[in-house]
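Data block below; observations after.
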Amino acid sequence: MSSVLNEIQSIYSSLSDKERNIANYILANPEEVSRSHIQELADAASVSISTITRFAKKVSCRNFVEMKVKLAGGSEAKEAEGIEQTLFASYRDMLADVQSLMDPEPFSRVLNYLKEAKRIFIYGLGSSGLAAQELNYRLSRMGFISEAVTDPHLMIIRSTLLQEGDLILAFSRSGQTPDLLQSVGMGKDKGAKLIAFTAFGQTPLTELSDEVLWTVHPLRNNFLLTGLDMSTLYLIDRISLHFLSEKDREAMYLQTVEAIRNRGKSE
1 MSSVLNEIQS IYSSLSDKER NIANYILANP EEVSRSHIQE LADAASVSIS
51 TITRFAKKVS CRNFVEMKVK LAGGSEAKEA EGIEQTLFAS YRDMLADVQS
101 LMDPEPFSRV LNYLKEAKRI FIYGLGSSGL AAQELNYRLS RMGFISEAVT
151 DPHLMIIRST LLQEGDLILA FSRSGQTPDL LQSVGMGKDK GAKLIAFTAF
201 GQTPLTELSD EVLWTVHPLR NNFLLTGLDM STLYLIDRIS LHFLSEKDRE
251 AMYLQTVEAI RNRGKSE
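Residue numbering for the sequence shown follows the UniProt record's numbering, beginning at 1 and increasing consecutively.
Okay, here's the thing in structure tokens:
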């Protein structure tokens with residue numbers, strides 16, 4: 001995937017309104033922009049040519065032409081016909097995007113935080129609550145002491161009672177949800193560690209976080225619905241597969257499989 005798209009995602013929250021107009025248009029139409037004249041992008045984003053030139057430098061390009069070349073190099077021809085094929089291509093590209101955002105070193109540190117945590121609280125509001133519930137389901141079946149917290153009032157209650165050794169996993173695409181930020185801030189004050197799953201860099205959430213795992217920016221995928229997106233599920237699967245490779249975790253997971261299978265059966 002294009003390094004320009006990753007760069008835009010990482011600095012998105014720090015951009016001005018006009019720069020966000022450019023970013024939004026590029027994220028939604030990278031292939032079109034790679035073939036466009038600078039004036040065409042200026043008209044589409046309702047900005048000046050000089051604003052586009054400054055924007056290109058912000059995403060580590062010398063000028064608009066270099067930005068176009070990088071966008072073209074990261075784009076694949078999409079020949080899919082029909083909504084089903086387009087959806088498939090969209091999922092494929094989303095997985096490629098999240099893989100390109102994955103940095104092994106922070107991911108390894110996240111795994112260590114999970115191993116060392118006394119208790120794990122997984123926060124998510126709205127559609128991010130689905131991710132919190134899914135990850136909690138996985139972790140609890142592998143023997144972790146974890147809880148998904150998807151209600152803002154309960155989130156504050158839990159954060160009030162956190163302590164050193166506890167770990168918060170916070171799902172938030174924007175990284176700017178007020179209720180979640182209040183709760184994770186309280187948790188940090190109590191000594192808990194914080195890992196963010198988010199699509200936006202340089203936000204209040206990333207500033208508070210000890211580690212960040214990146215999901216795909218919503219505008220990079222035309223089929224990104226309001227539920228659990230593929231990039232978030234990919235990260236959850238990566239975490240799950242790592243711990244399932246440990247024999248004791250796998251054994252605990254299999255115990256839960258057997259318990260569920262035998263639920264309701266008489267002795």
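Cβ coordinates follow ideal geometry from the N, Cα and C atoms, glycine included. Just so it is clear, the structure is predicted and the values come from calculations on it, not from any experiment.
For N136, same chain residues with a beta-carbon under 6 Å away, outside a window of 5 residues either side, are I122, S146, A148 in chain order.
Judged by DSSP secondary structure, E211 falls within the beta strand (DSSP E) whose first and last residues are 211–214. Membership of L233 in the alpha helix (DSSP H) is indicated by the continuous run 230–244. Looking from the CA of C61, the closest CA among E258, I8, R109 belongs to I8.
L161: not part of any alpha helix (DSSP H); DSSP gives it neither H nor E. With contacts defined as CB atoms closer than 7 Å, V98 and V216 qualify as a contacting pair.
A Cβ-Cβ distance of about 16 Å is found for the pair V212 and A192, leaving them out of contact under the 8 Å criterion. In this chain, Y113 is not harboured by any beta strand (DSSP E); it is covered by the alpha helix (DSSP H) spanning 104–116. Nearest to K18 by C-alpha distance, out of T53, E31, S10, R35, is T53. The beta carbon of Q133 sits closer than 7 Å to those of A148, T150, all from its chain and outside the five residues before and after it, given in chain order. Between L194 and the set F200, D210, P204, L180, the nearest pair of CA atoms involves D210. Closest by C-alpha distance to Q182, out of G201, L205, A89, G82, is L205.
When DSSP assignments are scanned along the UniProt domain "HTH rpiR-type" (2–78), the uninterrupted stretches of alpha helix (DSSP H) that are 4 or more residues long and fall wholly within it turn out to be 3–11, 17–28, 30–34, 38–45, 49–58, 64–73. In this structure, L71 sits near P30, with a CB-CB distance shorter than 7 Å. Taking a C-beta distance under 7 Å as the contact criterion, A28 and Y12 do not qualify as a contact pair. Our two residues, A259 and R35, have alpha carbons roughly 57 Å apart in a direct line.
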